[in-house]
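In what follows, a structure is listed as structure tokens, so that the remarks can point back to it.
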Amino acid sequence: MTESTTFDAAQEATVVPEAASAPNPAPVADGATPTLLTHVTADQVADAIRHAGCAVNLVQEDGSARLHSASHGVGFQVLWGNRVSDGQFLDFTLSCPLRVEGGQFPDALLNEWHRSRRFARIASHGDFLVLEMDVMVTGGVTEAYLSVAMQVWIQMMGQFFLHLRNYRPSTPEDMPGDAGVDDAAGVEAAEGVEAVEAAEVIEAGATRA
479 MTESTTFDAA QEATVVPEAA SAPNPAPVAD GATPTLLTHV TADQVADAIR
529 HAGCAVNLVQ EDGSARLHSA SHGVGFQVLW GNRVSDGQFL DFTLSCPLRV
579 EGGQFPDALL NEWHRSRRFA RIASHGDFLV LEMDVMVTGG VTEAYLSVAM
629 QVWIQMMGQF FLHLRNYRPS TPEDMPGDAG VDDAAGVEAA EGVEAVEAAE
679 VIEAGATRA
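The sequence shown begins at 479 in our numbering and counts up by one.
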């Protein structure tokens, strides 16, 4: 391995292509009070993703809606949180799982992200490194809030990939222990079944209503 370990996110086209453009949320008439959303549905979150400039697939599985989208050539998904009723939720998690190749990621890489970034976190789950961001609507939010949250998420994904590529361990101890001297650790996007498996790993140990 060279002095620094290189991390690359796979850039192959995903099942869900990015949208070239998307309409902005409908403006609120002067003097009108925007409607507050006290919960969200899959359709509302899908619309917010489209407003952020990404295409989205809504798939019904076992009576539950799953949202899959992509940004920067890498897929992400929506994990539902607290349920109000069928198809209505108080919160959700945006999740981008990447499969790790060539050894485990050093703690220093995760720590540096959390020291220098806000809003989104990185978690290690077995062979997956996962970028996650929670979105809550408890208490009431506007459609514009959801759109802005999605825009923040897209920016976090871009910064995440740059963080992986640009990371340079400050000491030999920060390098993956089982990677060879001339090997480069790689990261490939986890899609399809792999992404669903990653979601199950994430949800293990945490009860979602």
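For each residue, glycine too, the CB sits at the ideal point set by N, CA and C.
It should be emphasised that the depicted structure is a prediction, and the values quoted were computed from it without experimental measurement.
Proximity of residue i and residue j at Cβ, strictly below 9 Å
i	j	result
Phe606	Val578	yes
Leu609	Phe570	no
His550	Arg595	no
Ala520	Leu536	yes
Trp631	Met611	yes
Pro512	Thr616	no
Beta-bridge pairing of residue i - partner residues as DSSP gives them
i	result
Met614	Asp569
Pro512	Answer is none; Pro512 lacks a bridge partner.
Val608	Pro575 and Ala601
Trp558	Phe570
Asn589	BP columns for Asn589 are empty, so no partner.
Leu536	Leu545
Gly553	Ala548
Val619	Leu515
Same chain only: Cβ atoms within 6 Å of residue i, ignoring 5 sequence neighbours per side
i	result
Ala500	In this prediction, Ala500 has a pLDDT of 47, which is less than 50 and means its spatial position is unreliable; nothing more can be read from the coordinates.
Met628	Ala526, Ile527 and Ala530
Asp652	With a pLDDT of only 49 at Asp652, under 50, the local geometry of the prediction cannot be trusted, and the value read off the model is given with reservation. Result list for Asp652: Pro584 and Ala586, in chain order.
Leu624	Ala526
CA nearest to the CA of residue i, picked from the options
i	options	result
Gln555	Arg561, Val562, Asp564 and Leu545	Leu545
Leu588	Gln633, Tyr645 and Val523	Tyr645
Phe597	Val619, Asp525, Met635 and Gln538	Met635
Asp585	Ser542, His603 and Gly565	His603
Gly541	Gly565, Arg643, Ser547 and Ala548	Gly565
Gly601	Gly618, Phe583 and Thr616	As written in the sequence, residue 601 is Ala, which differs from the Gly given in the question. Ala601 has its Cα closest to that of Phe583, out of Gly618, Phe583 and Thr616.
Ser547	Ser563, Val523 and Glu539	Val523
Same chain, Cβ closer than 7 Å to residue i, neighbours up to 5 away in sequence not counted
i	result
Phe567	His517, Val518, Trp558, Gly559, Asn560 and Arg561
Trp591	Ile600 and His641
Gly618	Leu514, Leu515 and Thr516
Spatial neighbours of residue i in its chain, beta-carbon cut-off 8 Å, leaving aside the 5 residues before and after
i	result
Ala491	Note on Ala491: pLDDT 34, under 50, position unreliable in the model; no value is reported.
Gln538	Arg544
Residue i Cβ short of 8 Å to the ligand NAD heavy atom set
i	result
Leu515	The ligand NAD is absent from the structure shown, which contains no ligand whatsoever.
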